[in-house]
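Engineer:
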Amino acid sequence: TLRLVCTTTAVQRKNVGASGPEKYTEAFIKKQIEEFNLGKRHLANMMGEDPETFTQEDIDRAIAYLFPSGLFDKQARPVMKHPTEIFPEQRKIQWGEDGRPFHFLFYTGKQSYYSLMHETYEKLLNVQKHQDQLIAQDLPLQKEKRNLAGSRWLTKIELEEMLLEKVSDDDYSRFIQLLEKLVALPCADIEEKYIQKFSKEVPVQLQKVVIEPLQHDERGVAFSTGEGKRKTARATAVVYDNGTGKITVNGIDILHYFPVLQDREQLLFPFQFLGRIGKHDMVCTVSGGGRSAQAGAIRLASAKALRSFVTEKEVELMRQAGLLTVDPRVKERKKPGQEGPRRKFTWKKR
Amino acid sequence: RIMPVRWSRYNPSYLEPEVKKESYQKPLEELTEEEREQMELKAVRPIKAAPPSLSSSVFSDPMISKFTNMMMKSGNKVLARSLMSQTLEAIKRKQLEKYHKAPENEKETIECNPYVIFHQALKNCQPIIGLSNITRGGKTYQVPVPLTDNRKRFLAMKWLITECRENKHRRTLMPEKLSQELLLAFNNEGPVIKKKHVLHKMAEANRAYAHFRWW
Chain A
1 TLRLVCTTTA
11 VQRKNVGASG
21 PEKYTEAFIK
31 KQIEEFNLGK
41 RHLANMMGED
51 PETFTQEDID
61 RAIAYLFPSG
71 LFDKQARPVM
81 KHPTEIFPEQ
91 RKIQWGEDGR
101 PFHFLFYTGK
111 QSYYSLMHET
121 YEKLLNVQKH
131 QDQLIAQDLP
141 LQKEKRNLAG
151 SRWLTKIELE
161 EMLLEKVSDD
171 DYSRFIQLLE
181 KLVALPCADI
191 EEKYIQKFSK
201 EVPVQLQKVV
211 IEPLQHDERG
221 VAFSTGEGKR
231 KTARATAVVY
241 DNGTGKITVN
251 GIDILHYFPV
261 LQDREQLLFP
271 FQFLGRIGKH
281 DMVCTVSGGG
291 RSAQAGAIRL
301 ASAKALRSFV
311 TEKEVELMRQ
321 AGLLTVDPRV
331 KERKKPGQEG
341 PRRKFTWKKR
Chain B
1 RIMPVRWSRY
11 NPSYLEPEVK
21 KESYQKPLEE
31 LTEEEREQME
41 LKAVRPIKAA
51 PPSLSSSVFS
61 DPMISKFTNM
71 MMKSGNKVLA
81 RSLMSQTLEA
91 IKRKQLEKYH
101 KAPENEKETI
111 ECNPYVIFHQ
121 ALKNCQPIIG
131 LSNITRGGKT
141 YQVPVPLTDN
151 RKRFLAMKWL
161 ITECRENKHR
171 RTLMPEKLSQ
181 ELLLAFNNEG
191 PVIKKKHVLH
201 KMAEANRAYA
211 HFRWW
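If you read the protein sequences in the order shown, they are chains A and B.
The opening position of the first sequence corresponds to residue 1 in UniProt numbering, with each subsequent residue numbered one higher.
The opening position of the second sequence corresponds to residue 1 in UniProt numbering, with each subsequent residue numbered one higher.
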């Protein structure tokens, strides 16, 4: 079986809306909404602010002030939100008074999923018919390449939220395969609107990080700082301009602090990649971790510091070389019933 | 399609880092369609951190690092790396001796670069076809089977290392023995090449069972 270890929050959220038919009636939800609005006005009155312009952030601050809680789990603290955020959207009852279901695919068990597959396949056939027409008229087929890198398909959780019913892994992969097939056809531009419902924009550049400007020393030398970590080691590096290439760690020269060649190679890696070996001086402090972890932490710190000295394109090249990502690998914990993280106890026949 | 990875600390959408500087200096026109798509994908997706054994300097070679890791025992990378550098030094010394003793016309044919010798020796040791055990009707047959590139490299390195660890005189050190083996393999002689030929002959002998393979 396959398991995701490092997951984004989107993947970890449980979709409660798809778990089954109605748990709360519509009238109940309406009443909750009215109560929420009344309560909001009362709260605004209590805090002495204008009830008309009382936003959700103000509500959160007021509740945190009136009901201070020391609980660790943020979801266990008192919260006051709009009922649509607390009670998730759910399917209404799918059959009429006589017991006859509304949708023709109700008895398949996954009516919205199968109806979606039917719709998508219909669009596919449409596109193929259009293509055949164009070929019959001897017109050239449009071949505009869709920008694959800028968009991604909906995740399984998002699809479940859209359809309001559970979607299994196999079903999800089949749906994505069908969408890919649709997109691969040359005349898929006709169904662009339909496809856009299932694709999301990915932020084009992963350069959401802000590059700090250079600071200047008393002597007028430009310098910049960076912080890095690896396993348990934490390092800060200060990179000075107009230097001779000397590197000092915790007040000791690197030749004495890192006797192993591999660590020194790691320290020089960012400088060598940018071609600036003799031009910068570096002073770093590092604590924690072991020999290799400290070297990795200093490498990350110096790469982050060098970002301020270098153009944006080179920063992008450093990112693609893997110099600016924090290494998430840590020592795996030991499990009960086993000798180590993976090693099991010796099997004894009796 | 993103498949969840078994037990990786990274999100499956993270891509492998590209360390070599030369691959970034190619102008846009020379790239093929696939490479252009790869570039665009890299601009959007996050990238894993470069491991400590990888570096953009001229001296780091992925094959050498792989070989050093295979030679390493109980995580003693320092020792393995020093053995590797001593081996390369020993190869260089031997080749230089030969170079200085050789007559003028043969001086050009003698290869002095230890990295070139290492790569060529590994290439010469790689088997082309391998054997795998397939059980049919109770009996296990040795069926000739094509090997992937990774498997070939792994087998070549494994044979070299086991050969050096076992068939040596008690007093010879690892770098000495390894350099001998590498030079022999470079000239297509030596026990490792013999092992490769034996494997090839076995595969040729069992040709009749080749149809047992179903993949």
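The C-beta atom is built at its ideal place from N, Cα and C for all residues, glycine as well.
Check this for me: beta carbons of Pro46 (chain B) and Ser13 (chain B), under 8 Å apart or not?
Structural biologist: Position 46 of the second sequence, counted from the first residue, corresponds to residue 46 (chain B). Position 13 of the second sequence, counted from the first residue, corresponds to residue 13 (chain B). Contact: yes.
Engineer: With a cut-off of 8 Å, does the C-beta of Arg1 (chain B) fall near any C-beta of chain A?
Structural biologist: Counted from its first residue, the second sequence places residue 1 (chain B) at position 1. Note on Arg1 (chain B): pLDDT 40, under 50, position unreliable in the model; the coordinate value appears next. Yes, contact with chain A.
Engineer: Among residues of its own chain, excluding the 5 on either side of Phe87 (chain A), which ones have a beta-carbon nearer than 8 Å to its beta-carbon?
Structural biologist: Counting from one through the first sequence, the residue named residue 87 (chain A) turns up at place 87. Closer than 8 Å at Cβ, skipping near neighbours: Tyr24, Ile29 and Gln32.
Engineer: Can you name the residues of chain B whose CB is closer than 7 Å to the CB of Gly96 (chain A)?
Structural biologist: Taking the first residue of the first sequence as 1, we reach residue 96 (chain A) at position 96. Simply none; closest approach about 40 Å.
Engineer: Let me make sure I understand the geometry here. Which of B:Met72, B:Ser8 and B:Asn113 has the alpha-carbon closest to that of Leu96 (chain B)?
Structural biologist: Position 96 of the second sequence, counted from the first residue, corresponds to residue 96 (chain B). If we check each option's Cα against that of Leu96 (chain B), B:Asn113 comes out closest.
Engineer: Tell me the DSSP secondary structure of Leu105 (chain A) in three-state form.
Structural biologist: Translated into positions along the first sequence, residue 105 (chain A) becomes position 105. It is coil, neither helix nor strand.
Engineer: Kindly indicate the opening and closing residues of the alpha helix (DSSP H) around Asp281 (chain A).
Structural biologist: Here the question's residue 281 (chain A) lines up with position 281 in the first sequence. First-last for Asp281 (chain A): Asp281 to Ser287, but that is the beta strand (DSSP E), not the alpha helix (DSSP H).
Engineer: With respect to the alpha helix (DSSP H) encompassing Phe175 (chain A), which residues constitute its N-terminal and C-terminal limits?
Structural biologist: Indexing the first sequence from 1 puts residue 175 (chain A) at position 175. Asp169 to Ala184 is the extent of the alpha helix (DSSP H) around Phe175 (chain A).
Engineer: For Tyr257 (chain A) and Val249 (chain A), what's the separation of their Cα atoms in angstroms?
Structural biologist: In the first sequence, the residue the question calls residue 257 (chain A) occupies position 257. In the first sequence, the residue the question calls residue 249 (chain A) occupies position 249. Taking the straight line from one Cα to the other gives about 7 Å.
Engineer: Taking Cβ positions only, does Pro103 (chain B) come closer than 8 Å to chain A?
Structural biologist: If you number the second sequence from 1, residue 103 (chain B) lands on position 103. By this cut-off, Pro103 (chain B) is not an interface position.
Engineer: Counting along the chain, where does the alpha helix (DSSP H) carrying Pro191 (chain B) start and finish?
Structural biologist: Here residue 191 (chain B) refers to the residue found at position 191 when the second sequence is read from its first residue. Pro191 (chain B) -> alpha helix (DSSP H) spans Pro191 to Ala205.
Engineer: Please give the ranges of any alpha helix (DSSP H) in the UniProt domain "Small ribosomal subunit protein uS7" (50-207) of chain B, keeping only runs that are unbroken, at least 4 residues long and fully inside the region.
Structural biologist: For the UniProt domain "Small ribosomal subunit protein uS7" (50-207) of chain B, whole alpha helix (DSSP H) runs of length 4 or above, ordered along the chain, are 62-71, 77-101, 114-125, 149-166, 174-186 and 191-205.
Engineer: Go through its chain and collect everything with a Cβ distance to Asp138 (chain A)'s Cβ below 6 Å, but skip five positions before and after it.
Structural biologist: Position 138 of the first sequence, counted from the first residue, corresponds to residue 138 (chain A). Here the set comprises nothing.
Engineer: In angstroms with no decimal places, state the Cα-to-Cα distance between Phe212 (chain B) and Val143 (chain B).
Structural biologist: Taking the second sequence and counting its residues from 1, the one referred to as residue 212 (chain B) is at position 212. Taking the second sequence and counting its residues from 1, the one referred to as residue 143 (chain B) is at position 143. Whole-angstrom Cα-Cα distance: 7 Å.
Engineer: Which residues of the segment 118-138 of chain A have a Cβ closer than 9 Å to any Cβ of chain B? Give them in chain order.
Structural biologist: Under the 9 Å Cβ criterion, the segment 118-138 of chain A contributes no residue.
Engineer: With DSSP as the reference, label Asp263 (chain A) as helix, strand or coil.
Structural biologist: In the first sequence, counting from the first residue as 1, residue 263 (chain A) sits at position 263. Three-state result, Asp263 (chain A): helix.
Engineer: Assess contact between the segment 258-269 of chain A and the segment 289-297 of chain A, defined as three or more Cβ pairs (one per stretch) separated by less than 8 Å. Is contact present?
Structural biologist: Because the criterion of three Cβ pairs below 8 Å is met, the segment 258-269 of chain A and the segment 289-297 of chain A touch.
Engineer: Do three or more CB pairs link the segment 41-48 of chain A to the segment 102-109 of chain A at distances below 8 Å?
Structural biologist: Counting Cβ pairs under 8 Å, fewer than three are found: no touch.
Engineer: Any beta-carbon of chain A closer than 8 Å to the one on Tyr115 (chain B)?
Structural biologist: Reading the second sequence from its first residue, position 115 is the one you call residue 115 (chain B). Taking Cβ atoms only, chain A never reaches closer than 8 Å to Tyr115 (chain B), which makes this a no.
Engineer: Decide if the segment 156-173 of chain B is in contact with the segment 118-136 of chain B; the criterion is three or more beta carbon pairs, one per stretch, under 8 Å apart.
Structural biologist: Flag = yes, the segment 156-173 of chain B and the segment 118-136 of chain B touch.
Engineer: On a CA-only basis, which of A:Pro336, A:Asp327, A:Glu26 and A:Trp347 is nearest Ser8 (chain B)? Give me that one, please.
Structural biologist: Within the second sequence, residue 8 (chain B) is the residue found at index 8, counting from 1. The residue with the shortest Cα to Cα distance from Ser8 (chain B) is A:Asp327.
Engineer: At what residues does the beta strand (DSSP E) containing Gly234 (chain A) begin and finish?
Structural biologist: Locating residue 234 (chain A) in the first sequence gives position 234, counting from the first residue. Position check: residue 234 (chain A) holds Arg in this sequence, whereas Gly was assumed. Counting along the chain, the beta strand (DSSP E) containing Arg234 (chain A) begins and ends at Ala233 to Tyr240.
Engineer: Taking the alpha-carbon of Glu227 (chain A) as reference, which of A:Leu306, A:Ser151 and A:Ser199 has the nearest alpha-carbon?
Structural biologist: In the first sequence, residue 227 (chain A) corresponds to position 227, counting from 1. Ranking the options by Cα distance to Glu227 (chain A), first place goes to A:Leu306.
Engineer: Are the C-beta of Gln272 (chain A) and some C-beta of chain B separated by less than 8 Å?
Structural biologist: The residue given as residue 272 (chain A) occupies position 272 in the first sequence. Interface residue, yes.
Engineer: Answer with yes or no whether the minimum CB distance from Gly322 (chain A) to chain B is below 8 Å.
Structural biologist: Indexing the first sequence from 1 puts residue 322 (chain A) at position 322. It does: the Cβ of Gly322 (chain A) has a partner Cβ on chain B nearer than 8 Å.
Engineer: How about Ser55 (chain B) and Val19 (chain B): do their beta carbons lie closer than 8 Å?
Structural biologist: Translated into positions along the second sequence, residue 55 (chain B) becomes position 55. Translated into positions along the second sequence, residue 19 (chain B) becomes position 19. Yes. Within cutoff.
Engineer: Go ahead and pull the three-state DSSP assignment for Val315 (chain A).
Structural biologist: Position 315 of the first sequence, counting from 1, holds the residue named residue 315 (chain A). Three-state DSSP puts Val315 (chain A) in a helix.
Engineer: So is Ile47 (chain B) in contact with chain A if we call contact Cβ pairs under 8 Å?
Structural biologist: The residue you call residue 47 (chain B) lines up with position 47 of the second sequence. For Ile47 (chain B), the answer is yes, since a Cβ of chain A falls inside 8 Å of its Cβ.
Engineer: Is Gly322 (chain A) helix, strand or coil when you go by DSSP?
Structural biologist: For the purposes of this step, residue 322 (chain A) is taken as residue 322 along the first sequence, with counting starting at 1. Three-state result, Gly322 (chain A): coil.
Engineer: Excluding sequence positions up to five away, which residues of its chain have a Cβ less than 7 Å from the Cβ of Glu16 (chain B)?
Structural biologist: Numbered from its first residue, the second sequence carries residue 16 (chain B) at position 16. Cβ within range, chain order: Lys48.
Engineer: With DSSP as the reference, label Asp58 (chain A) as helix, strand or coil.
Structural biologist: By 1-based counting over the first sequence, the position of residue 58 (chain A) is 58. Residue state, collapsed to three classes: helix.
Engineer: Could you name the residues of the segment 298-320 of chain A whose beta carbon sits closer than 7 Å to any beta carbon of chain B, in the order they occur along the chain?
Structural biologist: Within the segment 298-320 of chain A, the qualifying residues are Leu317, Arg319 and Gln320.
Engineer: Are there 16 or more other CB atoms within 10 angstroms of the CB of Gln338 (chain A), so buried, or fewer, so exposed?
Structural biologist: As a working note, residue 338 (chain A) is residue 338 in the first sequence. That one is exposed.
Engineer: Please report the residue range of the alpha helix (DSSP H) in which Val127 (chain A) lies.
Structural biologist: On the first sequence, residue 127 (chain A) is found 127 positions in, with the first residue counted as 1. Note, Val127 (chain A): alpha helix (DSSP H), Gln111 to Ala136.
Engineer: From the DSSP output, read off the bridge partner residues of Asn293 (chain A).
Structural biologist: Here residue 293 (chain A) is taken as the residue at index 293 of the first sequence, counted from 1. Checking the sequence, you will find Ala at residue 293 (chain A) rather than Asn. Bridge partners of Ala293 (chain A): none, in fact.
Engineer: Beta carbon of Glu165 (chain A), beta carbon of Ser112 (chain A): below 8 Å?
Structural biologist: Taking the first sequence and counting its residues from 1, one reaches residue 165 (chain A) at position 165. Taking the first sequence and counting its residues from 1, one reaches residue 112 (chain A) at position 112. For Glu165 (chain A) and Ser112 (chain A), yes; Cβs fall inside 8 Å.
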